[in-house]
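A.B. asks: Below you'll find the structure I mean.
Next comes the structure, spelled out in structure tokens:
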């Protein structure tokens, strides 16, 4: 069982996961508040400790405890963690704090944290400002407003504090990534994952096959082409769309399947086996 800095077995959360404590500049566990959040040491620009309240929480220029995120880290109004000095003390600079733009909040008063796609582009939002996942639904959050991924775990963040939503595969689960964080597609358990190509905007180019199971033709950019020679339409996340504007179905290996179409571009009807029913005319037309 894992041990903490003091040699004792680490505590666990409700899910049975071991929790390693936040440690101070000297390597010892930080004190915690009544909610078991760590209380970080905070200093001003001059390196002197800020005044604290009865719990030991540092007070800002307004005399109120400095806001923290769900992990107890002191944050700026824009939700980003405050910087630290070489000794691990959090630095509270009043002038810089005033320059930061506050994060928006929802109807419950919880912060709406910034969420970006794996390629660094911002995700779409609904009318309330909440970020939307690849399926168009609002990204769920925990009680503190932190966005959750498909596995219901809090999303990872980049160096600036923005949460990163993973690239989602056809089955709805996050795609594995390579050492650079680029999504890869695993063809089989014993095969090595191969990085999926991306377009000029950094969006993943998902494989699209025809009714015959063969890949559609592509243009010079790698984008797949419809029977009329035009690019297959995609949504903002790169997922291919059919003539009706809906997402294409996928086969058992995750390839998107483009339907057979009529001369006017509309989708042909199919039989009970999913095979297209082509119109047939006689010699007289």
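Numbering (the numbering used here), first residue to last: 1 to 285. Heads up, the beta-carbon is just placed ideally off N, CA and C, and yes, glycines get one too.
Note down, in chain order, each residue of its chain lying with its Cβ closer than 8 Å to the Cβ of residue 277, except the 5 sequence neighbours on either side.
C.D. replies: 268, 269, 270 and 271
A.B. asks: Please look up how many angstroms separate the CB atoms of residue 5 and residue 27, rounded, as I've assumed it's under 8 Å.
C.D. replies: 6 Å
A.B. asks: Does DSSP put residue 265 in a helix, in a strand, or in coil?
C.D. replies: coil
A.B. asks: How far does the beta strand (DSSP E) with residue 165 in it reach, from first residue to last?
C.D. replies: 163-165
A.B. asks: Under the three-state reduction of DSSP, which class applies to residue 97: helix, strand or coil?
C.D. replies: helix
A.B. asks: Taking the beta carbon of residue 180 as the centre, do at least 16 other beta carbons fall within 10 Å, making it buried, or is it exposed?
C.D. replies: Reliability fails at residue 180, whose pLDDT of 47 lies under 50, so the model's placement of it is uncertain and the value that follows must be treated cautiously. That one is exposed.
A.B. asks: Could you have a look at residue 280 and say whether DSSP puts it in helix, strand or coil?
C.D. replies: coil
A.B. asks: Would you call residue 280 buried or exposed, if buried means 16 or more other Cβ atoms sit within 10 Å of its Cβ?
C.D. replies: exposed
A.B. asks: If contact is defined by three or more beta carbon pairs under 8 Å, each pair taking one atom from either stretch, is the stretch 31-39 in contact with the stretch 50-58?
C.D. replies: Yes, they touch.
A.B. asks: For residue 189, which residues in the same chain have their Cβ closer than 6 Å to its Cβ, ignoring the five residues on either side in sequence?
C.D. replies: Caution applies to residue 189, whose pLDDT of 44 falls short of 50 and renders its modelled position unreliable; the value that the coordinates give is listed next. Nothing listed; no residue qualifies.
A.B. asks: So is residue 223 buried or exposed if we call it buried at 16+ other beta carbons inside 10 Å?
C.D. replies: Per the 10 Å Cβ criterion, buried.
A.B. asks: What do you reckon, is the C-beta of residue 3 under 6 Å from a heavy atom of the ligand SAM?
C.D. replies: This structure simply doesn't include the ligand SAM, nor any ligand for that matter.
A.B. asks: Select from 232, 283, 69 and 253 the residue whose C-alpha is nearest the C-alpha of residue 259.
C.D. replies: Among 232, 283, 69 and 253, the Cα nearest to that of residue 259 is on 232.
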